[in-house]
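This report refers to the structure that appears directly beneath it.
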Amino acid sequence: MPKENQPSHGSPDQAPPPDGYPVKEWKGIKMMAGGHVVAIPTDDFVNGFNAVIETTEAPAAIAPIDTGTAEEVLHDYARAHDVRDVIGTDVSALIVTGPEEIWLAGPQFTRQIAAGLAQDPEFLDGIRQIRGDNLGQ
Numbered sequence: 001m002p003k004e005n006q007p008s009h010g011s012p013d014q015a016p017p018p019d020g021y022p023v024k025e026w027k028g029i030k031m032m033a034g035g036h037v038v039a040i041p042t043d044d045f046v047n048g049f050n051a052v053i054e055t056t057e058a059p060a061a062i063a064p065i066d067t068g069t070a071e072e073v074l075h076d077y078a079r080a081h082d083v084r085d086v087i088g089t090d091v092s093a094l095i096v097t098g099p100e101e102i103w104l105a106g107p108q109f110t111r112q113i114a115a116g117l118a119q120d121p122e123f124l125d126g127i128r129q130i131r132g133d134n135l136g137q
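Residue numbers 1 to 137, in UniProt numbering, belong to the letters of the sequence shown in order.
As structure tokens, then:
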């Protein structure tokens, strides 16, 4: 297939594929889900996270985040946590991919992850540390 006719799932100009669509590469924060890698689209995550913290009461007040902060804190958080830690569900059964593919978190799944992390004191502390916010110490 000529290159110009091949789908470009990683293009920022293209709408993301639906939940569970396996893609080789996608801009986003990578996090493990069972034995698979999930790419969480940064802009969708930031929008979802900020919507949650603005409309619900998080464990501790926190200002909205930007994409740079989201990428940094999620990168650090993902080293020690699996998606299951965030949403309380084993999502690996939903993932049908090969060993080198990345599963893209679609809008609904990204909102679930954002909502879970908006209630996670460790994640919120990570945001404060990155920003240099007063941690009450």
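Beta carbons are placed, not taken as given, at the ideal position from N, Cα and C, and that holds for glycine.
Three-state secondary structure (DSSP) of residue i
i      : result
ILE102 : strand
GLN119 : coil
THR56  : coil
HIS75  : helix
Anticipated Cβ contact below 8 Å, residue i with residue j, distance rounded
i      : j     : result
ASP85  : ALA33 : That pair is no contact at about 10 Å.
ILE102 : LYS30 : 7 Å
Environment of residue i [buried if 16+ CB atoms lie within 10 Å]
i      : result
GLY132 : exposed
ILE36  : Per the sequence shown, residue 36 should be read as His rather than Ile. By the 10 Å Cβ count, HIS36 comes out buried.
GLY136 : Residue placement at GLY136 cannot be trusted, given a pLDDT of 43 that sits under 50; what the coordinates show is reported in the next sentence. Label assigned to GLY136: exposed.
PRO41  : buried
GLU122 : exposed
GLU54  : exposed
Residue(s) in a DSSP beta bridge with residue i
i     : result
ILE29 : ILE40
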